[in-house]
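See structure below.
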Amino acid sequence: MTEDKIKNIIKKYIPAEAVTQVVKWLIQYKVHLKIAAPRRSILGNYRSPDGKYGHRISINSNLNPYAFLLTFVHELAHLTTYEKYRHLVLPHGIEWKREFQKLMSLFFDKHIFPKEIEEALQNYMSNPAASSCRDENLMRLLRKYDKETHVIHLEEVAPNSYFQIDDGRIFLKGEKLRKNYKCIEQKTKKAYRIHGLMPVIPIKIKTST
1 MTEDKIKNII
11 KKYIPAEAVT
21 QVVKWLIQYK
31 VHLKIAAPRR
41 SILGNYRSPD
51 GKYGHRISIN
61 SNLNPYAFLL
71 TFVHELAHLT
81 TYEKYRHLVL
91 PHGIEWKREF
101 QKLMSLFFDK
111 HIFPKEIEEA
121 LQNYMSNPAA
131 SSCRDENLMR
141 LLRKYDKETH
151 VIHLEEVAPN
161 SYFQIDDGRI
171 FLKGEKLRKN
181 YKCIEQKTKK
191 AYRIHGLMPV
201 IPIKIKTST
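Residue numbers (the UniProt record's numbering): 1 to 209.
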């Protein structure tokens with residue numbers, strides 16, 4: 001695929017100011033980038049070469065441009081860490097953190113992110129976690145730029161109300177446990193901890209009196 005074709009595809013998913021740098025990385029490392037269907041458990045992932053395939057990165061297609069770029073750089077940091085250390089270091093160890101910080105610094109210099117996101121990112125990048133989802137403030141700010149502005153999150157659902165998640169399961173919202181809520185799955189009656197920023201569908205269930 002030519003550089004122009006790569007640019008035409010990637011520009012649909014990330015801020016325009018980041019396109020040149022991202023395309024440069026894709027070509028330099030010969031990355032097979034997959035724009036994946038939305039996944040509930042992950043935003044993206046990296047797979048190292050296995051003899052048959054080279055570097056592979058997949059990113060969920062439903063992310064807004066800023067979340068997509070952050071997720072891509074997160075996964076690219078796994079690639080550059082692999083290039084230097086192979087499998088001799090922890091997946092989200094100090095080596096990966098340093099690579100992530102170095103790659104992200106290129107975008108901070110260009111001020112690609114809105115000011116409120118950049119400030120939250122600067123704080124998050126001081127010691128990046130395995131998932132940006134663990135930084136509630138950052139996730140909340142990123143969500144403001146989602147295309148689907150009608151999305152309802154669990155934290156907005158009233159206590160002791162029912163809601164459905166994307167796999168069809170129905171839960172009863174219970175007490176708050178820091179960033180999560182204790183919720184009871186209605187079919188199995190099992191208790192789960194669900195993050196307050198998880199997209200849900202509020203529903204009404206008639207209960208016997």
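Quick reminder that beta carbons are idealized off the backbone N, C-alpha and C, glycines included.
- Around the Cβ of residue 156, a 10 Å sphere holds fewer than 16 other Cβ atoms; the residue is exposed.
- Counting along the chain, residue 143 sits inside the alpha helix (DSSP H) bounded by residues 136-143.
- The three-state secondary structure of residue 47, taken from DSSP, is strand.
- Linking residue 115 to residue 22 through their CA atoms gives a straight-line distance of about 21 Å.
- Here the stretch 97-104 does not lie against the stretch 172-190, with fewer than 3 beta-carbon pairs under 8 Å apart.
- Beta-carbon to beta-carbon, residue 153 and residue 200 are separated by about 7 Å, close enough to satisfy the 8 Å threshold.
- At the C-beta level, residue 70 and residue 15 stay beyond 8 Å of one another.
- When C-alpha distances from residue 80 are compared across 65, 25, 108, the shortest belongs to 25.
- For residue 185, the enclosing beta strand (DSSP E) begins and ends at 180-185.
- For residue 192, the beta-bridge partners assigned by DSSP are 183.
- For residue 151, the number of other beta carbons within 10 angstroms of its own is below 16, and it is reported as exposed.
- Contact check for residue 51 and residue 32: beta-carbon distance about 14 Å, past the 8 Å limit, so the pair fails to qualify.
- The Cβ neighbour count for residue 203, taken over all protein chains shown within 10 Å, is under 16; the residue is labelled exposed.
- Within the model, the alpha-carbon separation for residue 166 versus residue 40 is close to 8 Å.
- When secondary structure is reduced to three states using DSSP, residue 56 falls in the strand class.
- One alpha carbon belongs to residue 77, the other to residue 85, and they sit about 12 Å apart.
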